[in-house]
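Data block below; observations after.
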Amino acid sequence: MSTSTPGAHSKLDLDPGVIAACRQAAKQIADQVSERIAGHTTVSVERGVTRLLGVDGADALEAPLPNVLVDHVHDRGGLGRGIAYWVGNAMIQTGRTPQQIAEAVSAGELDLCGLELAAEEAIRERVTEECGTRLREISGRFEERRAMRERLGDAPAPLRYVLTATGDVYEDVVHAKAVAEAGGDIVAVIRSTAQSLLDYVPYGPTTEGYGGTFATQANFRIMREAMDEWSEQHGRYVRLSSFCSGLCMSEIAVMGAWEGFDNMVNDALYGILYRDINIVRGLIDQRISRMINGYFGVVINTGEDNYLRTADALEAAPSVTASQFINHQLARASGVPDAQIALGDAFEIDIPVTNGLLYEWAQAQLTRELFPDCPVKYMPPTRHMDGNLFRTHAADTLFNLVTIATGQGVQTIGVPTEGIFTPHIHDRVLGLQNVDYVFNAARDLGEEVEFKPGGIIQTHAQRVLAGAQELLERIAQTGLLQAIEGATFGDVSRRVDDGRGIEGIVTTEDGYFNPVVELMHEASYA
Amino acid sequence: MSTSTPGAHSKLDLDPGVIAACRQAAKQIADQVSERIAGHTTVSVERGVTRLLGVDGADALEAPLPNVLVDHVHDRGGLGRGIAYWVGNAMIQTGRTPQQIAEAVSAGELDLCGLELAAEEAIRERVTEECGTRLREISGRFEERRAMRERLGDAPAPLRYVLTATGDVYEDVVHAKAVAEAGGDIVAVIRSTAQSLLDYVPYGPTTEGYGGTFATQANFRIMREAMDEWSEQHGRYVRLSSFCSGLCMSEIAVMGAWEGFDNMVNDALYGILYRDINIVRGLIDQRISRMINGYFGVVINTGEDNYLRTADALEAAPSVTASQFINHQLARASGVPDAQIALGDAFEIDIPVTNGLLYEWAQAQLTRELFPDCPVKYMPPTRHMDGNLFRTHAADTLFNLVTIATGQGVQTIGVPTEGIFTPHIHDRVLGLQNVDYVFNAARDLGEEVEFKPGGIIQTHAQRVLAGAQELLERIAQTGLLQAIEGATFGDVSRRVDDGRGIEGIVTTEDGYFNPVVELMHEASYA
Amino acid sequence: MPREIDLTAVKPYADHRGDGLVQLSFTLPVPYSLAARKAALELAGKMGFDEPEVVHYEQLTEGYTYFVMYGACAHTVDFTALEGEGFNIEYMTEDEIESFAAEHVGRKIVVVGASTGSDTHSVGIDAMLNLKGYHGHHGLEGYRSFETYNLGSQVPNSVLLAKAIEVDADAILVSQTVTQQNLHVQNLTELVEMVEAEGRRREMILACGGPRVSGELAKELGYDAGFSKGTYPHHLATFIVRELAARVASTT
Amino acid sequence: MPREIDLTAVKPYADHRGDGLVQLSFTLPVPYSLAARKAALELAGKMGFDEPEVVHYEQLTEGYTYFVMYGACAHTVDFTALEGEGFNIEYMTEDEIESFAAEHVGRKIVVVGASTGSDTHSVGIDAMLNLKGYHGHHGLEGYRSFETYNLGSQVPNSVLLAKAIEVDADAILVSQTVTQQNLHVQNLTELVEMVEAEGRRREMILACGGPRVSGELAKELGYDAGFSKGTYPHHLATFIVRELAARVASTT
Ligand code: B12
Ligand code: B12
Ligand SMILES: Cc1ncc(COP(=O)(O)O)c(C=O)c1O
Ligand SMILES: Cc1ncc(COP(=O)(O)O)c(C=O)c1O
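Protein chains in written order, with the working numbering: chain A, 58 to 583; chain B, 58 to 583; chain C, 1477 to 1728; chain D, 1477 to 1728.
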């Protein structure tokens, strides 16, 4: 574990003791979470397992087969043993593949819980083997992709992360190409509004989304193929990203890995705070979802930026830092290596704040120094942007400056229409041109400048860190759940026994088993 | 004379010895210029004197009376004694005021060189008294204005300098008000194209200019009255500026002083290089013009920024610095105090230059450290701006950042339409909003950052300074005129015996006298 | 002398009366080419621009070209016909609202608000209703004369309406922020239809708001009023108390 | 499946085929007010925008209001009718030009250029003519097949024409940068008129250039060609040698 900036000294003159205390408290908080969620699974975690066993497709009513299968077992009260148990048993008893089993269940031809039960050991072995095959297959695809990335050349940080959000996957392809042509490194296919709330993943290509395009496996494939083609043609690899967040975190993680997505926004807190998803449900789903992302080499992006969209950016700064420490530990607890943990941060201080740029610079530098081995996903000003396109573009220019000066890992680009629309095709290009200009014109600025000892920047960073420490130590006392109830993040309060998806939490029974978790766990401690 | 940054140390680690050598060479160059122009006057210098004796108006053919009067004497071969001599004599002989004399000459009723000659001493006394009265009158007006400025509150540096250039003085008033409302501190009434080339100052209000509005006394008055009204209404003093440059430098200086203009662009090199005005004519006119500006408390703006519009901004950087040293000494030689010398500089490095921002920052900081007591007039990117409004706005944002971080005295604001039009009314407002945002968000940035010793910024500044030293020492050898012929400035070459207005240079004769110069000289060494 | 502006035939103004200059930007789904440039000029001509001019154009991706243009607008507008509507609608202050309500309504005014459909943007409705309010002006919750129910975000229209009926609301207040493909128009229309289906339209004030809502749009969709960026709680409250007072007056 | 683009009826594209969205900005010389907003919407309506929308407006100074708007353009353009004109006019390289000229013209091509009238912007004409050229492409002075006279800037049309006649020029090249109130149109028109008055129009190629010059404008004013931003010397040279070769061919 590295606790200091690589090479150089701290530009912010941070106290290593305070940092260590923060990390310590965050570890404690993450451990408590692990304890709290142990002994539970969720319908979506189990659906993730079925997907990793090869189940895909939807029934005549458009219900995805993973849902049909898991609901079938859940209705019969069997989910406490884990879906793998029942599928494994059915494989032995019927000699069918998991997909065939799902189809049979869907057709009403098979009752999984009514079959004769094979020996537990045999079931485990059978299903683990099936799962292992599938993991190797995906890993194989990932290795091919890694090779492609290396062959085409990987862009240097900060990677330019650009959203597309037309609602129509085919239009997204057009936008994505324009983004690629203008130098975008990562295209993030933003989801249709409220997909978070669906307790299933829609099936097939979609053209009717609002504020984004549904995350479906077919849509993922269409985007990936289009961008692979572009990448080969232009000799530059373009990454893809989407969202795991919501009620289907682990399933989407599986789909993304299968379709060769490189990044995934993965943060339960978003769903909890802004979509009113139950806290425990979110945290269980996140644990497994991140594990899957981590295992397949996918970079996860956390969502601290969101807090600054509802809380004041200066007041809430310590909560962002605290959340980064917690998210970092939670991601590690899922086995995600630091290089794949892109913690969230945002440039959201209000336009009229005197010395706002200095505070932003301090905060951005702080994140880099606290997590030197993690890329950071740095988000543009959005909250205070309005219909004055030029005002937004000016704010984006300073945002770009702070990004390059502090060497962020991933930067979501700002666009002039931020305060009005999901951006029009040329707005993304204008945004990227701004990034290009600033990143190049200020390339070595970070190296060049030192901050005045005890000046505004250092003092601000130290104050934010101190605030984070206080907060973390408080949360370590009360627990994360209590903290969320106390509106610690984003000024939003949620209670542990409220929220969507709570009915999908399942207490595991003796003999529960999850081959995905086991295989991945083995791998990460091998 | 102050040679070090006030208070603080040099951020650029400049060698004081090099600075001293530059100043020394520049002083030598300025002295050579003084020598070269001594014993000469010009038609426009003499017209300036007539204006300070109270002559104004135009004849039926729209020839301004100062021209009528000076041409009258020049045609008769009498200008070598100075216009004051002849007017003074006529005052004694006819008992008329200078204005009445001019009118009579214009009407063909009076031949100044045909009158009986009074005693030289009497003439001097009479005309000097007349001139003194006028100077006191203007100074009185200036004192009132100073009081008004103090009463309404003077804005802190960097002052926001905004051009208006509609061609129609009444439209300029509208634009100027929008500028004032958006926070502009100085409104510069840009002149109609090629006014530089007119060897007279047009008369009366004008509404038909191209790329600017004619500098006429009536136009000055209209603007001043409008802005005084605005200033009183809004409780914030708005300064006005125009151009002395061209063939009428000293006349316009008189008009500006009379009408209460606060700043004047005053640089002969502009006319010499870009308007092909004769070198010597330009330098003589400038000497007197600056003296008048200096005497009446007007801040002069020099035009080094222009070089970067025709020469490469990186290559030409040393020539800008060298020119600043020279202009500084030339202005001092005219009796202008440092606080009134706003040397020129510009943010003109091409958009794709890697680390361009660092070089700009270095150069801007260099100017500040070399001339700590002079305000600097820092100009926005213009040369590389094109029809992409957003690209220009982004460049302006970084320009604004450098301005505030280096604490320039005066900043000409950039506008999104810079590469296309003389800006539309709202474009100036958008430009000012950008300035507002950046100046406030980065208010104390300059104080906060130090540059890495031996880094890109320090090295660049030191290299530019060394280049300037070399250049200055070379020019001190060959003389300024030779240097201009060698295309040292703006990549443009001009020869000493070519160029417009050369016919207006007059060798003074024994007994030449110029009451303006004498009175002002006395005052500045009093 | 300064030229006068003819308010019966107003044109855009850039730097001379009547120059009509307008800046435009858009993308055409055609390949980057001289023909693309001509297409843009032709389009601007159809919009009624004299001397349209492309000041910048570039390829976005194959088959898509972006343009920045200027043109002199040939159309004019009769401003005198519009002038009736001043800008400074006289909004009452919080205190004035309280006493106006006490005098003209004489009971608590019940309002129910939400951000509806799949919209999770709650900042707008919270700004209007919650005690904290907006930029130092507190929300209706802080008014003595109002009884406020803020159902938050992602609220189905049916739930919002049911609550309004349950508490016998005087006004339903809807916020809509996600507007891509006119999602807000769909959501807003659905609510009006539901209210009408319940036969409640006459007895309830319906107001909506959001960054892309306008008074015109709201009225077109059957609302009594629409509010956009820059709205403060006392603007909304002024509207409600006046409207309610008028209704009370007309029914008595 | 992706929707097809109908090239016979092209509309602006923002994020869905046929959405037609265009961004506009302009100032109206009317007081900042709701009426001003309505005036802007009405104007956009006249331009043919469906659902025009003001996304930002503010007062500039008393009586002047600035707007940023969006609207869905109802007009379409038939791109297929324009498609003939490709973008990649095949410009020749310097070497190609030299040999083409040697073969088809067979003598030095004499050109005279200047930035005319009160215009002191010489960078454009220098870029075309001087050895140094533009962005690493040298100007016509560097071509063996050209004999070049660059008169610089602020050159009266009469002086330019006299020089052209004196050296029996094949082409006159004019640069114009200051365009406020269409000053360039005045200057360019005057030159054509003078050339015609001298009876020289047929025997000389007339080309002009500048940031706001376009091929269309040039032809409208009676020039053979017009060049804008992004022009390189070999673009101009290609045009001249081709045009001259055609003339030589047609007269022999
Ligand atoms: C905060 C925010 C979020 C937060 C919301 C948290 C929350 N609890 O509200 C989070 C991070 C969760 C979020 C998520 C998303 N967002 Co969002 N978000 C914003 C942001 C940054 C600010 C909005 C805001 O709070 N403004 C401040 C408030 C006070 O302003 P307001 O809502 O306009 O309200 C004022 C007036 O309109 C009026 N008003 C509003 N409502 C009402 C109601 C009544 C009755 C009255 C009288 C007045 C009134 O009064 C208010 C005060 O003056 C905007 C960008 C921007 N600058 O606008 C994007 C933005 C709104 N989001 C956008 C999108 C697309 C999304 C997502 C759908 C993206 C995705 N696919 O994942 C998601 C999902 C959200 C969803 N489905 O609803 C787009 C919407 C584009 C469009 N036009 O359709 C925007 C514009 C960003 C962009 N350019 O893409 N977002
Ligand atoms: C350099 C410059 C100056 C220099 C000129 C020095 C010189 N010797 O040229 C100086 C500092 C002297 C100057 C002064 C002024 N300028 Co000036 N200047 C510029 C600037 C920054 C760059 C112009 C330039 O050199 N571009 C680079 C060249 C290579 O591009 P180009 O000219 O477009 O040429 C290309 C093509 O157009 C084409 N081309 C051009 N000519 C020709 C000819 C032929 C035959 C062909 C084939 C092709 C061709 O090929 C070239 C290469 O691709 C522009 C702003 C800008 N970014 O454009 C303002 C700008 C042109 N200036 C402007 C103004 C108003 C002035 C002044 C009048 C201001 C004043 N009132 O004081 C003065 C006076 C000048 C005058 N009366 O002519 C305005 C013009 C506004 C308008 N549309 O009318 C501009 C746009 C700035 C602004 N936004 O206000 N300026
Ligand atoms: C972390 C995170 N997850 C998910 C989303 C999208 O969520 P939804 O599907 O609720 O629209 C967002 C959008 O801002 C986000 O920040
Ligand atoms: C120093 C200086 N003087 C004068 C002018 C204006 O000159 P003209 O009257 O020649 O257009 C300029 C314009 O750039 C300038 O920079």
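Note that CB positions come from ideal geometry on N, CA and C, so glycine has one too.
{"Item": "Which residues have their C-beta within less than 6 Å of a heavy atom of ligand 4, listed in chain order?", "Value": "B:248, B:250, B:251, B:252, B:253, B:300, B:302, B:303, B:322, B:324, B:327, B:332, B:360, B:363"}
{"Item": "When burial is assigned at 16 or more other CB atoms within 10 Å of the CB, is residue 290 of chain A buried or exposed?", "Value": "exposed"}
{"Item": "Of all the CB atoms in chain C, is at least one closer than 7 Å to the CB of residue 1503 of chain D?", "Value": "yes"}
{"Item": "Would you give the residue range spanned by the beta strand (DSSP E) that residue 435 of chain A belongs to?", "Value": "433 to 436"}
{"Item": "May I ask which residues mark the beginning and end of the beta strand (DSSP E) holding residue 457 of chain A?", "Value": "Here residue 457 of chain A belongs to no beta strand (DSSP E); instead the alpha helix (DSSP H) covers 446 to 463."}
{"Item": "How far does the alpha helix (DSSP H) with residue 541 of chain A in it reach, from first residue to last?", "Value": "537 to 542"}
{"Item": "Quick one: residues in its chain with C-beta nearer than 6 Å to the C-beta of residue 502 of chain B, no 5 flanking neighbours on either side, listed in chain order?", "Value": "462"}
{"Item": "Starting from the beta carbon of residue 1695 of chain D, find every residue of chain C whose beta carbon is closer than 8 Å, and list them in chain order.", "Value": "Residues of chain C passing the Cβ test: none, with the nearest at roughly 13 Å."}
{"Item": "Residue 193 of chain B: buried (16+ other C-beta within 10 angstroms of its C-beta) or exposed?", "Value": "exposed"}
{"Item": "If you reduce the DSSP assignment to three classes, tell me which class residue 71 of chain B lands in.", "Value": "coil"}
{"Item": "Identify, in the order they occur along the chain, each residue of the same chain with its Cβ nearer than 6 Å to the Cβ of residue 1620 of chain C, setting aside the five sequence neighbours on each side.", "Value": "1574"}
{"Item": "May I ask you to report which of helix, strand or coil DSSP gives residue 62 of chain A?", "Value": "In this predicted model, residue 62 of chain A has a pLDDT of only 41, less than 50, meaning its place in the structure is not dependable; the value taken from the coordinates is given anyway. In the structure shown, residue 62 of chain A sits in coil (DSSP, three-state: anything other than H, G, I, E or B)."}
{"Item": "Against chain C, does residue 1528 of chain D count as a neighbour if the rule is that its beta carbon must be under 7 Å from one of theirs?", "Value": "no"}
{"Item": "Would you mind sorting residue 1726 of chain C into buried or exposed? The rule is 16 or more other CB atoms within 10 Å of its CB.", "Value": "exposed"}
{"Item": "Consult DSSP for residue 1797 of chain C and reduce its assignment to one of helix, strand or coil.", "Value": "The requested residue 1797 of chain C does not occur in the structure, where chain C is confined to residues 1477 to 1728."}
{"Item": "Can the beta-carbon of residue 311 of chain A be found closer than 7 Å to that of residue 349 of chain A?", "Value": "yes"}
{"Item": "Going along the chain, which residues of its own chain have a beta-carbon closer than 7 Å to the beta-carbon of residue 62 of chain B, five neighbours each way excluded?", "Value": "Confidence is the limiting factor: at residue 62 of chain B the pLDDT is only 41, short of 50, which leaves the residue's position unreliable, though a coordinate-based value still follows. Around residue 62 of chain B: 426, 429."}
{"Item": "Excluding the 5 residues flanking residue 1539 of chain D on each side, which residues of the same chain have their C-beta closer than 8 Å to its C-beta?", "Value": "1505, 1506, 1507"}
{"Item": "Quick check on residue 484 of chain A: buried or exposed, where buried means 16 or more other Cβ atoms within 10 Å of its Cβ?", "Value": "buried"}
{"Item": "Could you spell out the range, first to last residue, of the alpha helix (DSSP H) harbouring residue 185 of chain A?", "Value": "177 to 209"}
{"Item": "With H, G and I counted as helix, E and B as strand and the rest as coil, what does DSSP make of residue 1628 of chain D?", "Value": "coil"}
{"Item": "May I ask you to check if the CB of residue 436 of chain A is nearer than 6 Å to at least one heavy atom of ligand 2?", "Value": "no"}
{"Item": "Tell me the DSSP bridge mates of residue 1481 of chain C?", "Value": "DSSP, once it has assigned bridges, lists no residue as partnering residue 1481 of chain C."}
{"Item": "When burial is assigned at 16 or more other CB atoms within 10 Å of the CB, is residue 1611 of chain D buried or exposed?", "Value": "exposed"}
{"Item": "For residue 315 of chain A, which of A:278, A:327, A:294 has the nearest alpha-carbon?", "Value": "A:278"}
{"Item": "Is the Cβ of residue 1532 of chain D closer than 7 Å to any Cβ of chain E?", "Value": "The chain inventory of the structure shown lacks chain E, comprising the protein chains A, B, C and D."}
{"Item": "In three-state DSSP terms, what is residue 1652 of chain D?", "Value": "coil"}
{"Item": "Would you call residue 534 of chain B buried or exposed, if buried means 16 or more other Cβ atoms sit within 10 Å of its Cβ?", "Value": "exposed"}
{"Item": "At a cut-off of 6 Å, would you count residue 348 of chain B as near ligand 2, judging by its Cβ distance to the nearest heavy atom?", "Value": "no"}
{"Item": "Under the criterion of a Cβ to heavy atom distance below 6 Å, does residue 1709 of chain D qualify as lining ligand 2?", "Value": "no"}
{"Item": "According to DSSP, residue 301 of chain B sits in a beta bridge with which residue or residues?", "Value": "Paired residue(s): none; residue 301 of chain B is not in a bridge."}
{"Item": "Determine whether the Cβ of residue 1605 of chain D lies closer than 7 Å to any Cβ atom of chain B.", "Value": "no"}
{"Item": "In its own chain, which residues sit with a C-beta less than 8 Å from the C-beta of residue 60 of chain A, not counting the 5 before and 5 after it?", "Value": "With a pLDDT of only 37 at residue 60 of chain A, under the threshold of 50, the placement of this residue in the model should not be trusted; the figure read from the coordinates follows. Closer than 8 Å at Cβ, skipping near neighbours: 73, 76, 77, 80."}
{"Item": "Along the alpha helix (DSSP H) that carries residue 321 of chain A, what are the first and last residues, could you check?", "Value": "Per DSSP, residue 321 of chain A belongs to no alpha helix (DSSP H); it is in the beta strand (DSSP E), 320 to 322."}
{"Item": "Among the residues of its own chain, which have a CB less than 7 Å from the CB of residue 373 of chain B, if the five just before and after it don't count?", "Value": "364, 365"}
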